[in-house]
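Its first residue numbered 1, the sequence shown is counted upward by one per residue in the UniProt record's numbering.
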Amino acid sequence: MSTRVLVADDSSTMRKIILRSLQAVGVPTATEAADGDEALKIFKPGDFDLVLTDWNMPGKNGLEVVQEIRKIDKDVKIMMVTTEAEKSRVLEAIQAGVSDYLVKPFTADTLREKLEKHGC
Numbered sequence: 001m002s003t004r005v006l007v008a009d010d011s012s013t014m015r016k017i018i019l020r021s022l023q024a025v026g027v028p029t030a031t032e033a034a035d036g037d038e039a040l041k042i043f044k045p046g047d048f049d050l051v052l053t054d055w056n057m058p059g060k061n062g063l064e065v066v067q068e069i070r071k072i073d074k075d076v077k078i079m080m081v082t083t084e085a086e087k088s089r090v091l092e093a094i095q096a097g098v099s100d101y102l103v104k105p106f107t108a109d110t111l112r113e114k115l116e117k118h119g120c
């Protein structure tokens, strides 16, 4: 069984990079969302093993996506993928319920390590 992934990022280029990185680490397909609002429309508890969300997006930002998903699914792994690496921002994301943090730019190896760490 392969990992079911939802990728939310307002940059189509970044979504392509994330999808290629996922393929490189053995996740053949992922569902894409162009922003936080679309991600929340797509997300249903039990449909995904992992959510990768950008922080800065129009509409609902990544933090709001995390907060909304946590209200309906406490167990899904959520990874914030962002350029925001300030300690206060990282703490804010952790308090909102992210499982991990992936700072852009990242390599497929870094993504693989994070996925393995969380059993994905």
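Ideal placement from N, C-alpha and C gives every residue a C-beta, glycine not left out.
No experiment lies behind these values; they were computed from the predicted model shown.
Since residue i contacts residue j with CB under 8 Å, what's their CB separation in whole angstroms?
i    : j    : result
K117 : D100 : 7 Å
What is the rounded straight-line gap between the Cα of residue i and the Cα of residue j?
i   : j    : result
D37 : E113 : 29 Å
V76 : P45  : 8 Å
Are the CB atoms of residue j and residue i within a distance shorter than 8 Å?
i   : j   : result
V51 : L22 : no
Label residue i either buried or exposed according to how many other C-beta atoms from any shown protein chain fall within 10 Å of its C-beta, with 16 as the threshold for buried.
i    : result
T53  : buried
A8   : buried
V103 : exposed
G119 : exposed
T83  : exposed
D47  : exposed
Legend entry - Stretch pair the segment 66-82 + the segment 19-31: three plus CB contacts closer than 8 Å: no
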